[in-house]
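These notes concern the structure reproduced below.
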Amino acid sequence: MNVTRIRRSVLGASAAVVLPVALGIAAPAASADSGSQPFGPGCSSLPTEGQGSAAGMADDPVATAASNNSELSTLTAAISAADLGDTLNNSKNITVFAPTDAAFEKIPKADLDALLADKDQLTKVLTYHVVDQKIAQSQLGNGDFKTLQGSNLTTSGSGDTFKVNNSANIVCGGIPTANATVELIDTVLMPE
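For the sequence shown, the numbering used here begins at 45 and goes up steadily by one.
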């Protein structure tokens, strides 16, 4: 499913349909063949081997790769609740700013439960974390990217230290999956 067709679906679909379609596009950015290496202070917490390791994630499409990473269990639950797994796994060349479990833990439990139960709002939040292009590490220093949700997010920083919207840190970026690049972030982004 290409990005243009998905965009048309997102723009023309009801909110209940938008979530699966839009999040399918919403996965992260560098592919396994890009030659880039994961970067950032949180990469050391990834397993060194197995399906949840950076090398293991590169073998699987993004939703499957996320489900194998123990730091993304809440995001995986959100994807499952929205039936977005197949959509994400079939999308190409996307970048996903993936909130870790620690990021979701910053949200009060009652608020998080309400978000996970509200597909319209969950769609807005999840699609705000997805950009329909591969974003290279070199583009993160002073970036401004349109999300699938429709609003822009910004990135800033240098070296291996980057922020998203001046609020979330990329704790481990440039993780390739078979169809996307994943940027693990420490805060859930909320669209305006």
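From the three backbone atoms N, C-alpha and C, an ideal C-beta is built for every residue, glycine too.
In this text the structure is predicted, and so the values were computed from the model without any measurement.
Inclusion of Ile-138 and Val-175 in the CB contact set at 8 Å is warranted, their separation being smaller than that value.
Taking the CA atoms as reference points, Gly-94 sits about 30 Å from Thr-199. Taking C-beta atoms as the reference points, Val-169 and Val-215 fail to come closer than 8 Å. In the same chain as Asn-113, and ignoring 5 residues on each side of it, the C-beta atoms closer than 6 Å to its own belong to Gly-96, in chain order.
Between the alpha carbons of Ser-89 and Gly-201 lies a gap of roughly 21 Å. Under the three-state reduction of DSSP output, Leu-228 falls in the strand class. One alpha carbon belongs to Phe-141, the other to Thr-92, and they sit about 22 Å apart.
Annotated three-state conformation of Ile-123 is helix, per DSSP. Under the DSSP definition of a beta bridge, Val-140 partners with Val-174, Val-226. Residue state for Asp-164 is assigned as helix, using DSSP reduced to three classes. For the pair of segments examined, the region 145-156 was found to touch the region 115-126: the number of CB pairs separated by less than 8 Å reaches three. Taking a contact to require three or more Cβ pairs closer than 8 Å, the region 152-161 and the region 180-198 do not qualify as touching.
Ranked by Cα distance from Thr-221, the first of Pro-85, Val-106, Gly-84 is Val-106. Look at Asp-188 here: in three-state DSSP terms it is strand.
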